[in-house]
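In this note's numbering, the protein residues as written are 213 to 417. By construction, the Cβ of each residue, glycine as well, lies at the ideal position given by its N, Cα and C atoms. Since the model is a prediction, treat every value here as computed from it, not as a measurement.
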């Protein structure tokens, strides 16, 4: 039941974004590991992929997906790969679960990051990934917002701090693209504060 609600919320948030509002879908379970026929990595449905395909059916010509979760969005990649109307960019730790995302191809832009990479380098990589998507000139930007690249997250060995996620929000505030942000992973006890830092920076005028 909760997985259906999570996928449905992503779709409704995206439809709202296409009407001119920026939206954050604060729902669980996450979705970016789920493929068309397999649930995995705490994910049952590929929420962002479903929302992206619905957006194309609802009138969007081009959709971009920026995934800054610390794990590779293998399910999203599998579903949208070779779709010329979608661009996907993922910044993620490699090697790490699910063991994918080492290479880019077609409309897929992967940015694998080694464990313990200095945070300034990770931020630069995340910014390059977003710039690649902006150059695609999408009608809609979907963001898979995972917060497990945080330095104290128990599942990964990345190095981002609260202010780095705030910077991600600032970048989104500066672009003139309809945007939907969908919550993905994040397993630190500080997850609420990380989300707050991101949202405050995104929405603060």
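- By the C-beta criterion, the segment 259-272 is judged not to be in contact with the segment 406-415, since fewer than 3 inter-stretch pairs fall below 8 Å.
- Residue 299 sits buried, since 16 or more C-beta atoms from the chains shown fall within 10 Å of its C-beta.
- For residue 395, the secondary structure class from DSSP, reduced to helix, strand or coil, is strand.
- Unbroken beta strand (DSSP E) runs of no fewer than 3 residues, entirely contained in the segment 277-354, are found at 298-305, 320-325, following chain order.
- When only Cα atoms are considered, residue 334 and residue 381 end up about 15 Å apart.
- Runs of the alpha helix (DSSP H) lying entirely within the segment 357-397, each at least 4 residues long, are 374-386 in chain order.
- With contacts defined by Cβ atoms closer than 8 Å, residue 248 and residue 275 do not form a contacting pair.
- Linking residue 287 to residue 355 through their CA atoms gives a straight-line distance of about 14 Å.
- Assigned with DSSP and collapsed to three states, residue 254 falls in coil, not helix or strand.
- If the five residues before and after residue 366 are omitted, its C-beta is found closer than 6 Å to the C-beta atoms of 399, all from its own chain and listed in chain order.
- In terms of Cβ geometry, residue 307 and residue 253 do not form a close pair [threshold 8 Å].
- For residue 261, the uninterrupted alpha helix (DSSP H) segment begins and ends at 259-269.
- Excluding five sequence positions before and after residue 372, the CB atoms of its chain that fall closer than 8 Å to its own CB belong to 331, 334, 335, 361, 362, 363, given in chain order.
- For residue 218, the enclosing alpha helix (DSSP H) has its first and last residue at 214-230.
- A distance below 8 Å between beta-carbons, with the five flanking residues on each side excluded, links residue 216 to the following residues of its chain, in chain order: 257.
- With the rule of 3 Cβ pairs closer than 8 Å, the segment 315-331 does not count as touching the segment 377-395.
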